[in-house]
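Student: Mind having a look at this structure? Questions to follow.
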Amino acid sequence: MLERVAARYAIAITPAMAELCDPRDRADPIARQFVPTNEELVATPGERADPIGDEAHTPVEGIVHRYADRVLLKLTHSCAVYCRFCFRREVVGPAGAGNLSPAALETALAYIAARPAIWEVILTGGDPLILSPRRLRAVMTSLSGIDHVKVVRLHTRVPVADPAAVTGALVDALKCPGKAVYVALHANHPRELTPAARAACARLVDAGVPMIGQTVLLAGVNDDPEVLGALMRGMVESRVKPYYLHHGDLAPGTAHFRTRVAEGQTLMRSLRGAVSGLCQPTYVLDIPGGHGKVPIGPAYLSRGGDGGLEVEDPGGVLHAYPDD
Numbered sequence: 006m007l008e009r010v011a012a013r014y015a016i017a018i019t020p021a022m023a024e025l026c027d028p029r030d031r032a033d034p035i036a037r038q039f040v041p042t043n044e045e046l047v048a049t050p051g052e053r054a055d056p057i058g059d060e061a062h063t064p065v066e067g068i069v070h071r072y073a074d075r076v077l078l079k080l081t082h083s084c085a086v087y088c089r090f091c092f093r094r095e096v097v098g099p100a101g102a103g104n105l106s107p108a109a110l111e112t113a114l115a116y117i118a119a120r121p122a123i124w125e126v127i128l129t130g131g132d133p134l135i136l137s138p139r140r141l142r143a144v145m146t147s148l149s150g151i152d153h154v155k156v157v158r159l160h161t162r163v164p165v166a167d168p169a170a171v172t173g174a175l176v177d178a179l180k181c182p183g184k185a186v187y188v189a190l191h192a193n194h195p196r197e198l199t200p201a202a203r204a205a206c207a208r209l210v211d212a213g214v215p216m217i218g219q220t221v222l223l224a225g226v227n228d229d230p231e232v233l234g235a236l237m238r239g240m241v242e243s244r245v246k247p248y249y250l251h252h253g254d255l256a257p258g259t260a261h262f263r264t265r266v267a268e269g270q271t272l273m274r275s276l277r278g279a280v281s282g283l284c285q286p287t288y289v290l291d292i293p294g295g296h297g298k299v300p301i302g303p304a305y306l307s308r309g310g311d312g313g314l315e316v317e318d319p320g321g322v323l324h325a326y327p328d329d
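Take a look at the structure:
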């Protein structure tokens, strides 16, 4: 059966991640993210090959233009590791869409240059940090020449999946004169933030690159208040500001990873008041079909019987608040 999983979806794990897996623990949260299982062949209602609707917002190859002021630029569809819950699992990997060709990249950059409303470019894929410093530097140089682009963001797993790959040359390649450059780190469990991973993050931050953190809420990995709190604290200790906690997308064969929305809201309530405000991500859901990302965290405001507001504190106690 696992041969069928490998035939359909990409499989890869780095030595750094493999070392973190505990072979004695059948429920190991690191192994669960990367080791394939037969559950991936089980399709459930509502799942779709393109769960967040990238294709509907792709005007030219390599570009996803869902929001007016920002675009995704997908330079590659390869990764250092392949997450078993990936929402782009149908297009990543050796048999996937591959790297953006020079001609396609030129067309994508021309698309960005021709649209003054584009304020931010997000390099994603795949994982852009698996590319050579030479290629990354060339892309950053091209973006630096587009005046209306003010922010460049890179989404990556590399600092935790392959910390040694975050070399001085790679960090230097991320310089983009005249632009604010951010790196968004994808990490899902506190054990991923090893000393080597924290040192990789430090090399980026010390070079002037701010970092933000993205996490996917995963059953059996981080759907626990203590684990999630430890992850968020670990990020902040590594100078990575928690940004998003993503509800699991409806990618094929990933039902065993998804929680209920109410469970995610309960977890977010557990963080509020228990850990620093610096450690609070925004719990979000990407509406299937490409309709955008929205916050779905718990609500703390309600209307009282007199029409005024009631505010719930972190302990669950309601307080009247005048809202004339």
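In terms of this note's numbering, the sequence shown opens at residue 6 and continues consecutively.
Note that beta-carbon positions come from the ideal geometry of N, C-alpha and C, so glycine has one too.
Alpha carbon to alpha carbon, how far is H160 from P247?
Tutor: One C-alpha to the other measures close to 13 Å.
Student: Ignore the nearest five residues each way along the sequence and tell me which others in A48's own chain have a CB closer than 8 Å to its CB.
Tutor: Excluding positions up to five away in sequence, the list reads P257 and G258.
Student: I think A85 touches D167, with their Cβ atoms under 8 Å apart; what is that distance to the nearest whole Å?
Tutor: Rounded, the Cβ-Cβ distance is 5 Å, consistent with contact.
Student: Does the Cβ of H252 have 16 or more other Cβ atoms within 10 Å, making it buried, or fewer, making it exposed?
Tutor: By the neighbour-count rule (16 or more Cβ atoms within 10 Å), H252 is buried.
Student: Hey, Y116 and I68 are a contact pair by Cβ (cut 8 Å); roughly how many whole angstroms apart?
Tutor: Sure, about 6 Å apart at Cβ, within 8 Å.
Student: Pull up the CB-CB distance for P138 and A174, whole angstroms please, since I reckon it's below 8 Å.
Tutor: With a Cβ gap of about 4 Å, P138 and A174 count as contacting.
Student: Using 10 angstroms around the beta-carbon of T19, count the other beta-carbons present and answer buried if the total reaches 16, otherwise exposed.
Tutor: The residue is buried, with at least 16 neighbouring Cβ atoms inside 10 Å.
Student: To which residues of the same chain is G103 closer than 7 Å at the C-beta, ignoring the five residues directly before and after it?
Tutor: Same-chain partners within the cutoff: H82.
Student: How big is the Cα-Cα spacing for A260 and Y249?
Tutor: Approximately 20 Å between the Cα atoms of the pair.
Student: Please classify R308: does DSSP put it in a helix, a strand, or coil?
Tutor: R308: strand per DSSP, three-state reduction.
Student: Starting from D211, trace the alpha helix (DSSP H) both ways and give me its first and last residue.
Tutor: Where D211 is concerned, the enclosing alpha helix (DSSP H) stretches over P200 to D211.
Student: With a threshold of 6 Å on Cβ separation, who are the neighbours of G101 within its own chain once the five nearest residues in sequence on each side are excluded?
Tutor: Excluding sequence neighbours, G101 sits near H82.
Student: Going by the DSSP bridge assignment, what does M216 pair with across the sheet?
Tutor: DSSP lists V188 and V245 as partners of M216.
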